[in-house]
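For reference, the structure discussed in these notes is given below.
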Amino acid sequence: MENSVAGWAAVAQCVTAGYISALCYQHWADWRTDRRTVSAAWLMAWTAALAVLFLLNGAVAAMPAGRGLEIAQFGRSAALTATLLLALPAIKVFAGGRPIRWYVVLTSVLVAARIALWLATDLAYAREVAGGLSSYGVLVVLSIVAPLAVVIWYAVTSIMRMPASRVRLAAQAAGVASVGALLGALLLPPGPAVELLASVWAIPLVVLLQAMRVIRGRVAEKQARRQHGMRDALASIGNDSWFAREPRSLLALAQTAAREQLDDPSIVGTMRALSRGRFSTDFHSVAGLEPDPLARGFLDDLRRLVSVTAERVQLADELREAAFTDSLTLVPNRRALERHLAQAVARAGQNGTRLGVLYCDIDGFKVGNDQHGHAWGDYLLRRTARHLQANVASTDVVARFGGDEFVVVIEGEISGGDLVELAKRIHTGGDLDAPDEVALSLSVGIALWAPGGTTDPEQLLREADTAMFEAKRRPGGVVVFDDALRTRMLTEQSLRRDLDLALERDELVLHFQPIVDAATLEVVSVEALVRWQHPDGVRMPAQWIAFAEETGLIVPIGRRLVTLARAGAERLGLPVAVNVAARQLAEPLFLEHLRLDWGDDNWHLLTLEITESALLEDLTHVIAALTSVRALGARVSIDDFGTGYSSFARLATLPVDVLKIDQAFVHDLDLPGGVAVVRAIVTLAQAYGLDVIAEGVERSDQLDTLAALGVPKLQGYLLGRPSAQAPRRVDLAGDVVTGPIRRADSV
Numbered sequence: 001m002e003n004s005v006a007g008w009a010a011v012a013q014c015v016t017a018g019y020i021s022a023l024c025y026q027h028w029a030d031w032r033t034d035r036r037t038v039s040a041a042w043l044m045a046w047t048a049a050l051a052v053l054f055l056l057n058g059a060v061a062a063m064p065a066g067r068g069l070e071i072a073q074f075g076r077s078a079a080l081t082a083t084l085l086l087a088l089p090a091i092k093v094f095a096g097g098r099p100i101r102w103y104v105v106l107t108s109v110l111v112a113a114r115i116a117l118w119l120a121t122d123l124a125y126a127r128e129v130a131g132g133l134s135s136y137g138v139l140v141v142l143s144i145v146a147p148l149a150v151v152i153w154y155a156v157t158s159i160m161r162m163p164a165s166r167v168r169l170a171a172q173a174a175g176v177a178s179v180g181a182l183l184g185a186l187l188l189p190p191g192p193a194v195e196l197l198a199s200v201w202a203i204p205l206v207v208l209l210q211a212m213r214v215i216r217g218r219v220a221e222k223q224a225r226r227q228h229g230m231r232d233a234l235a236s237i238g239n240d241s242w243f244a245r246e247p248r249s250l251l252a253l254a255q256t257a258a259r260e261q262l263d264d265p266s267i268v269g270t271m272r273a274l275s276r277g278r279f280s281t282d283f284h285s286v287a288g289l290e291p292d293p294l295a296r297g298f299l300d301d302l303r304r305l306v307s308v309t310a311e312r313v314q315l316a317d318e319l320r321e322a323a324f325t326d327s328l329t330l331v332p333n334r335r336a337l338e339r340h341l342a343q344a345v346a347r348a349g350q351n352g353t354r355l356g357v358l359y360c361d362i363d364g365f366k367v368g369n370d371q372h373g374h375a376w377g378d379y380l381l382r383r384t385a386r387h388l389q390a391n392v393a394s395t396d397v398v399a400r401f402g403g404d405e406f407v408v409v410i411e412g413e414i415s416g417g418d419l420v421e422l423a424k425r426i427h428t429g430g431d432l433d434a435p436d437e438v439a440l441s442l443s444v445g446i447a448l449w450a451p452g453g454t455t456d457p458e459q460l461l462r463e464a465d466t467a468m469f470e471a472k473r474r475p476g477g478v479v480v481f482d483d484a485l486r487t488r489m490l491t492e493q494s495l496r497r498d499l500d501l502a503l504e505r506d507e508l509v510l511h512f513q514p515i516v517d518a519a520t521l522e523v524v525s526v527e528a529l530v531r532w533q534h535p536d537g538v539r540m541p542a543q544w545i546a547f548a549e550e551t552g553l554i555v556p557i558g559r560r561l562v563t564l565a566r567a568g569a570e571r572l573g574l575p576v577a578v579n580v581a582a583r584q585l586a587e588p589l590f591l592e593h594l595r596l597d598w599g600d601d602n603w604h605l606l607t608l609e610i611t612e613s614a615l616l617e618d619l620t621h622v623i624a625a626l627t628s629v630r631a632l633g634a635r636v637s638i639d640d641f642g643t644g645y646s647s648f649a650r651l652a653t654l655p656v657d658v659l660k661i662d663q664a665f666v667h668d669l670d671l672p673g674g675v676a677v678v679r680a681i682v683t684l685a686q687a688y689g690l691d692v693i694a695e696g697v698e699r700s701d702q703l704d705t706l707a708a709l710g711v712p713k714l715q716g717y718l719l720g721r722p723s724a725q726a727p728r729r730v731d732l733a734g735d736v737v738t739g740p741i742r743r744a745d746s747v
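Letter by letter, the sequence shown follows residues 1 to 747 in the UniProt record's numbering.
Here it is in structure tokens:
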């Protein structure tokens with residue numbers, strides 16, 4: 001009978017071990033799919049210890065007496081102690097108990113004492129088998145009950161802290177049943193009943209673990225569905241955020257999603273603006289329901305999504321406004337003007353109304369800005385914008401086109417007379433007095449669009465721009481674009497196209513006029529003068545140079561001429577003087593372009609001629625540019641000296657090498673005081689160590705007088721006309737020119 005009970009006990013424990021092993025595998029699978037949480041790991045480890053314990057229980061019940069049985073019994077004892085130790089963290093994660101550090105320490109000490117008693121004495125295990133049953137020492141029960149009591153105490157206190165529920169009740173029932181069976185197996189006298197209790201004491205715990213796993217699975221499934229719902233809600237709100245133009249509408253969508261996902265209709269979303277374009281969003285339950293961690297994370301994601309969207313929308317609005325607003329004057333910029341003008345032309349065409357465009361430019365702005373500084377100029381630009389806005393209706397648009405240019409667009413039933421009156425008020429506005437009591441005015445060009453006119457807004461701007469430039473030339477400062485200006489504009493457009501083609505086709509060539517020594521009449525250098533070999537005939541500089549300077553084409557033209565001048569200097573073996581316009585000197589890359597176009601050597605063969613008027617464009621920049629030119633080895637000449645506004649005292653500060661006496665002073669040598677003026681210029685040049693060239697010499701008596709006054713070098717038709725050929729020494733006996741020289745030929 002006893003053997004039969006022992007056999008059935010062995011079978012029961014092995015079956016239980018197999019079932020617990022399967023349960024352990026399921027916990028392992030849960031652990032892998034549950035983001036490897038600590039709670040799942042401890043339950044898996046405890047289940048594994050129980051499986052090993054029951055497997056060893058079955059082995060002990062089935063093994064015969066001997067060394068193998070002793071090893072199996074010790075292994076069972078070790079598995080039991082491991083089960084007790086692992087029960088502490090498993091109970092903690094299951095019931096949410098207190099910290100287990102000291103419980104683990106105390107249990108470990110008691111377990112270590114049990115192992116020591118087992119291995120070193122007969123107090124726990126007597127190593128005898130009587131009647132097929134193991135014989136234990138007097139302390140075997142105490143050595144296991146002591147650590148078991150620690151675990152039971154922790155389990156009771158932890159379970160009692162759990163909220164009242166069926167899970168708590170089941171845990172209490174399973175704990176009582178398992179502890180009761182285990183104590184019975186430990187305290188009752190040895191016998192078949194004790195072995196049976198030792199086999200089945202953990203079954204209530206196994207049932208509890210299985211129930212826990214089923215509950216955990218259902219909870220996990222419910223949690224997964226909840227997570228998926230929250231994720232889908234966030235994805236939907238995220239998609240809507242890309243198209244949101246009003247953050248409050250997105251906040252309302254997020255509030256609705258929070259109410260649906262958390263099943264709390266009292267949730268309210270709020271949003272407030274912070275500094276530096278930041279936003280703070282919050283969701284709270286009016287009913288006072290406390291969200292769980294998953295719900296809290298969902299609400300945090302909603303907060304961030306709505307706040308980031310609000311910040312992005314505000315930033316986009318600011319960037320959009322910055323893209324279409326002039327940052328200095330706070331009026332629409334050129335991009336906004338072009339867009340508005342295109343829309344205004346389309347509206348006027350649909351409504352059959354007129355459209356007026358006023359192109360305004362501040363007179364003398366550059367000179368004043370150079371004299372008084374950029375802060376002065378910025379202040380004046382802001383004052384100009386306010387002045388224009390004060391003189392037009394609120395429905396009209398005032399925009400800064402660029403630099404010191406403003407454009408006013410007026411829609412509605414207007415006439416040319418109305419626009420002229422408005423332009424006069426703008427031109428003579430008393431509130432345009434600049435700081436430092438510098439009175440400025442606006443030149444205004446007017447273009448009037450009528451139904452049937454051009455639908456190109458750029459064409460309308462060009463017409464107003466052309467009228468504005470004409471207004472600068474005329475008294476009154478106001479000009480309406482008309483047929484005459486249209487003809488001139490078309491002519492200039494044609495000239496622009498021809499000049500572009502001239503650069504492409506190499507139609508610009510150089511002629512060289514000799515500069516001779518006044519004493520020997522030997523040619524010492526030449527001046528390079530441009531000629532345009534147009535298919536319709538040669539065009540002199542007077543026909544197009546001013547236009548090239550005005551449009552900026554003089555910059556690429558000037559670069560081409562420097563390259564041609566270098567080739568001419570090498571071909572003629574003479575130094576060459578090249579005229580440089582103020583527009584060229586104003587280029588930031590002027591010096592770099594000069595190096596590229598001339599080359600790296602023979603700078604002593606190059607002289608740059610600049611007029612006095614060019615010096616006034618931007619004196620500081622010009623001086624810096626010319627100083628760099630001289631540092632390369634080139635020379636600098638002031639052309640037409642005496643006709644500009646340079647003071648004689650300023651010569652000491654200018655980086656120049658040569659003064660060219662204007663032909664007007666040469667022609668006035670016959671007049672009273674004419675000789676004295678030239679003598680003064682020569683004396684001044686000698687005082688500053690400057691070379692002197694007199695241009696416009698056309699008669700022998702002028703040559704004699706200039707030589708007598710000490711002018712060392714001469715230039716003029718008497719001494720040689722501009723030619724593409726190499727200049728030769730002058731024979732005055734057979735080559736005297738009586739016709740006047742034209743200044744246009746010396747460009």
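We put the CB at the ideal spot given by N, CA and C, even for glycine. Keep in mind that this is a model prediction, so the values were computed, not measured.
Straight-line Cα distance separating residue j from residue i
i, j, result
"Gln350", "Arg474", "36 Å"
"Arg729", "Leu605", "20 Å"
"Arg583", "Arg278", "47 Å"
"Leu337", "Ala399", "6 Å"
"Met160", "Gly297", "30 Å"
"Ala502", "Thr551", "15 Å"
"Gly132", "Glu221", "In this prediction, Gly132 scores a pLDDT of 49, lower than 50, which makes its location untrustworthy; no coordinate-derived value is stated."
"Val476", "Ala519", "The sequence given here places Gly at residue 476; Val does not occur at that position. Straight-line Cα distance between these residues: approximately 53 Å."
"Thr281", "Glu290", "18 Å"
"Val156", "Ser178", "13 Å"
"Pro247", "Thr309", "7 Å"
"Val345", "Val408", "14 Å"
"Pro204", "Ile91", "15 Å"
"Val111", "Ile144", "8 Å"
Neighbour-count burial assignment, residue i, 16 or more Cβ in a 10 Å radius
i, result
"Leu80", "buried"
"Asp326", "buried"
"Arg486", "exposed"
"Leu330", "exposed"
"Phe243", "exposed"
"Gln493", "exposed"
"Trp544", "buried"
"Ala295", "buried"
"Gln702", "buried"
"His374", "exposed"
"Tyr688", "exposed"
Contact belief for residue i with residue j at Cβ below 8 Å, rounded distance in angstroms
i, j, result
"Ala484", "Val478", "Contact flag wrong, Cβ pair sits at about 16 Å."
"Glu411", "Arg347", "7 Å"
"Gly364", "Leu419", "Not really, about 24 Å apart at Cβ, beyond 8 Å."
"Asp317", "Ala287", "Rounded, the Cβ-Cβ distance is 36 Å, inconsistent with contact."
"Asp657", "Thr611", "16 Å between Cβ atoms; not a contact."
"Leu589", "Val578", "Leu589 to Val578, Cβ: 17 Å. No contact."
"Glu698", "Tyr717", "5 Å"
Below-7 Å beta-carbon distance, residue i vs any chain C residue
i, result
"Thr309", "The structure shown contains no chain C; it is built from a single protein chain."
Element boundaries [beta strand (DSSP E), containing residue i]
i, result
"Tyr688", "Looking at the DSSP string, Tyr688 is not in any beta strand (DSSP E), and its letter there is neither H nor E."
"Ala577", "Val576 to Asn579"
"Val562", "Where Val562 is concerned, there is no enclosing beta strand (DSSP E), although the alpha helix (DSSP H) it sits in stretches over Ile554 to Leu572."
Proximity test, residue i beta-carbon vs the ligand FAD heavy atom, cut-off 6 Å
i, result
"Lys222", "With respect to small molecules bound, the structure shown includes none, and the ligand FAD cannot be examined in it."
Limits of the alpha helix (DSSP H) - the one that residue i falls within
i, result
"Glu246", "Counting along the chain, Glu246 falls outside any alpha helix (DSSP H), and DSSP gives it neither H nor E."
"Ala708", "Ser700 to Ala708"
"Tyr359", "Looking at the DSSP string, Tyr359 is not in any alpha helix (DSSP H); the run it does join, the beta strand (DSSP E), is Arg354 to Ile362."
"Trp376", "His374 to Asn391"
Quiz prompt | Validate contact between the stretch 449-463 and the stretch 360-371 using beta carbons, cut 8 Å, 3 pairs | solution = With a cut-off of 8 Å, the stretch 360-371 and the stretch 449-463 do not count as touching, because too few Cβ pairs lie within range.
Quiz item: If we count Cβ pairs, one from each stretch, closer than 8 Å, do we get three or more for the stretch 500-520 versus the stretch 444-454?
Solution: Under the three-pair Cβ rule at 8 Å, the stretch 500-520 does not count as touching the stretch 444-454.
Practice problem: Taking 8 Å as the threshold, find out whether the stretch 620-627 comes into contact with the stretch 660-668 through three or more Cβ pairs. | Solution: no
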